[in-house]
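Here the structure is laid out as structure tokens; the discussion comes afterwards.
Chains as they are written, first to last, in this note's numbering: chain A, 101 to 247; chain B, 1429 to 1875.
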């Protein structure tokens, strides 16, 4: 094989591969309507199950005074989901002190007991854990009386 | 939305910090576009390193002061370039060939697809929320690398030992914009991809034909855009790492002597890789040593070449490890157990699962295409070993790392292999450019 032919063949392969991969990239795009419609949250189309929690935490951020201690639980309780949501709450409530209700998929009541505010994702708890200060269809925020 | 634009536009300040170095005449052959992007990359390294040094010295972060200090560092770095002449080939001029036009079209489509995917929130990285973003906000609040935050046992999942370039860069933008904006961080994926494909033709074109430079850039851009979309990299550190790694090796792989200026520039980029992600350090060591051993060093002795290419990485790594040791009582990086305690019985499983994951990522095209290009490239020149050797060594290193997870590594591999092996694809593309072509012959023996 001549040197000239090998360089042309190489460039042909690289260019053909590039066209194929660019085509796959375009094919992976969401439908036209989605692509040109601004998302409500950065998670809408990458982690859609987490998007409601993102929007809820954004909404409750202004309901809780800065510097307060906060913990987050799910209803019904799920330590795996609470572990993941703890990370998100640290990201979205940077002005508050977050205490985990679960870590590494295990409940950690010893860490969360001292939290002044309780965020509940999901339905209302059976018995009110304190004074209700915010509620919408995704969850509620409670101010607890600490002993 | 205005804050978001300001946050993202802050990255346009990085070229100001890098330009004092890139304005040196030794870099003129790379072309204005490449020099602009490279000055941004150098500026990012100097700005974030100045931020770490400031924290060590107990000086709070003020963006104008940081930018000015970084520009001064970059200007002082010109002394190491010395009076290097722009004696290498000037990039070809003239009308575009049809292949170059098609390559430009492919580049445009790939970057557009990445932009649309990111702006529609389809590629957001979970790690952005888990640690890159929260660390940046904490650092911006503290106006320094917050060791109390990093040392908090409750936040252990945020990987306190990860190097600081990305959180520092995001914190810098947060200080300028006034707050952190998630979508702007996600948009760094297409921004960094666009930066890479803008810089590559000038860098590659300084040692291979313009047609090959454009075609190789199109292939790398398309493969990285595709992997980025499949592995949801928006806002994480993967594309910062890739930008530094690919540009550094493209500079070090020249078929004509790599002068002192290029070697030093590559050294700064490798330092950026070392400070961006944990796997950037083995990459820098590997690429640097292979260049010293097999690259065309342009008259520099082995010691001088090693200092230029590896010195900046040694500095930023020592700085970070020193900070960790002094403030966090920890040295090095978090690991999955002792380095040599590999579970060799899992080797077959790891190899099989890794191959399956790579075949699944972009249907295997990001790796199959450059391997096919190498196969037809006739015999490779000796200089190909810088990129090819780095690719093979890193692949072996990643497989070795997977032997440390304990238990079944399948999920770990499925989740990460396509992302961390992404760098292998551009390394193979650069290797394929070292076929013994007639156009730019070299007097070095083939391998």
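All C-beta atoms in this analysis are idealised placements derived from N, C-alpha and C, irrespective of residue type, glycine included.
Remember, it's a predicted structure, so these values are computed and weren't measured experimentally.
### Query
Where are the alpha helix (DSSP H) runs, 4 residues long or more, that stay fully inside the region 152 to 232 of chain A, in chain order?
179 to 192 and 209 to 212
### Task
Starting from the N-terminal side, write out each stretch of the alpha helix (DSSP H) that is 4 residues or longer and does not extend beyond the region 1758 to 1810 of chain B.
Correct list: 1775 to 1788 and 1793 to 1804.
#### Entry: Check whether residue 212(A) and residue 201(A) have beta carbons under 7 Å apart
Yes, these two residues count as a Cβ contact at 7 Å.
### Task
Please state whether DSSP places residue 1451(B) in a helix, a strand or coil.
coil
### Message
Is the beta carbon of residue 171(A) closer than 7 Å to that of residue 203(A)?
### Response
no
### Rounded separation between residue 1743(B) and residue 1710(B) - CA only
15 Å
### Query
Is it right to say residue 1497(B) is buried, meaning 16 or more other beta carbons lie within 10 angstroms of its own, or is it exposed?
buried
### Query
Near residue 195(A), which residues of its chain fall below 6 Å by C-beta distance, leaving aside the five closest residues on each side in sequence?
166
### Message
With H, G and I counted as helix, E and B as strand and the rest as coil, what does DSSP make of residue 1551(B)?
### Response
coil
### Query
For residue 1506(B), which residues of its own chain have a beta-carbon under 8 Å away from its beta-carbon, when the five flanking residues on both sides are left out?
Once the five neighbours on either side are set aside, the close Cβ partners of residue 1506(B) are 1448, 1449 and 1452.
### Query
What does residue 1657(B) reach in chain A if we use C-beta pairs closer than 9 Å?
124, 125, 128 and 129
#### Entry: CA-to-CA distance, residue 1828(B) to residue 1531(B), given in whole angstroms
36 Å
### residue 108(A) at chain B interface by Cβ criterion, 7 Å
no
### Query
Is there contact between the region 1698 to 1705 of chain B and the region 1723 to 1731 of chain B, where contact requires at least three CB pairs shorter than 8 Å?
The region 1698 to 1705 of chain B is not in contact with the region 1723 to 1731 of chain B.
### Query
Can you list the residues of chain A that residue 1833(B) reaches, using a CB-CB cut of under 7 Å?
None at all; the shortest Cβ gap to chain A is about 16 Å.
### Query
Going by the CB atoms, is the gap between residue 1649(B) and residue 1540(B) shorter than 7 Å?
no
### Query
Thinking C-beta only, is residue 233(A) closer than 7 Å to residue 175(A)?
no
### Query
Run through DSSP, which three-state label would residue 1563(B) get?
helix
### Task
Could you have a look at residue 1432(B) and say whether DSSP puts it in helix, strand or coil?
In this structure, residue 1432(B) counts as helix in the three-state DSSP scheme.
### Query
If you compare alpha carbons, which of 1764(B), 1749(B), 1747(B) and 1695(B) is closest to residue 1734(B)?
1695(B)
### Message
So with CB distances below 7 Å, who are the chain A contacts of residue 1818(B)?
### Response
Going along chain A, no residue has its Cβ under 7 Å from residue 1818(B), so there is no contact; the nearest lies around 19 Å.
### Task
With DSSP collapsed to three states, give me the class of residue 243(A).
Secondary structure of residue 243(A) (DSSP, three-state): strand.
### Query
Going by other Cβ atoms of all chains shown within 10 Å of its Cβ, with 16 needed for buried, is residue 1766(B) buried or exposed?
exposed
#### Entry: Beta carbon proximity, residue 231(A) to chain B, threshold 7 Å
no
### Query
Measuring CA to CA, which of 1677(B), 1455(B), 1771(B) and 1745(B) is closest to residue 1760(B)?
With distances taken between Cα atoms, residue 1760(B) lies closest to 1745(B).
### Task
Classify residue 1479(B) as buried or exposed, calling it buried when 16 or more other Cβ atoms lie within 10 Å of its own Cβ.
buried
### Query
Does the distance from the CB of residue 1801(B) to the CB of residue 1853(B) come in under 7 Å?
no
### Task
Specify, as a first and last residue, the run of the alpha helix (DSSP H) that residue 1608(B) falls within.
Careful: residue 1608(B) lies outside any alpha helix (DSSP H) and carries neither H nor E.
### Query
Alpha carbon to alpha carbon, how far is residue 1635(B) from residue 198(A)?
Rounded to whole angstroms, the gap between the alpha carbons of residue 1635(B) and residue 198(A) is 54 Å.
### Coil, strand or helix - residue 1662(B) by DSSP
Residue state, collapsed to three classes: strand.
### Message
Can you give me the C-alpha to C-alpha distance between residue 1857(B) and residue 1481(B), rounded to a whole angstrom?
### Response
Straight-line Cα distance between these residues: approximately 37 Å.
### Query
So what's residue 1490(B) in DSSP terms, helix, strand or just coil?
DSSP, reduced to helix, strand and coil, places residue 1490(B) outside both helices and strands of the structure shown, so it counts as coil.
#### Entry: Residues near residue 1535(B) by beta carbon distance below 6 Å, same chain, minus five either side
So the list reads 1625, 1646 and 1649, once near-sequence residues are dropped.
### Query
With 7 Å set as the bound, which would you pick, yes or no: does the beta-carbon of residue 1870(B) sit closer than that to a beta-carbon of chain A?
Low per-residue confidence applies at residue 1870(B): pLDDT is 43, beneath 50, and the placement is therefore not dependable, though the value from the model is reported in the following sentence. Chain A, which has no Cβ nearer than 7 Å to the Cβ of residue 1870(B), makes this no.
### Task
With DSSP as the reference, please indicate the residues paired to residue 1863(B) in a beta bridge.
Residue 1863(B) pairs with 1808(B).
### Query
According to DSSP, is residue 1707(B) helix, strand or coil?
coil
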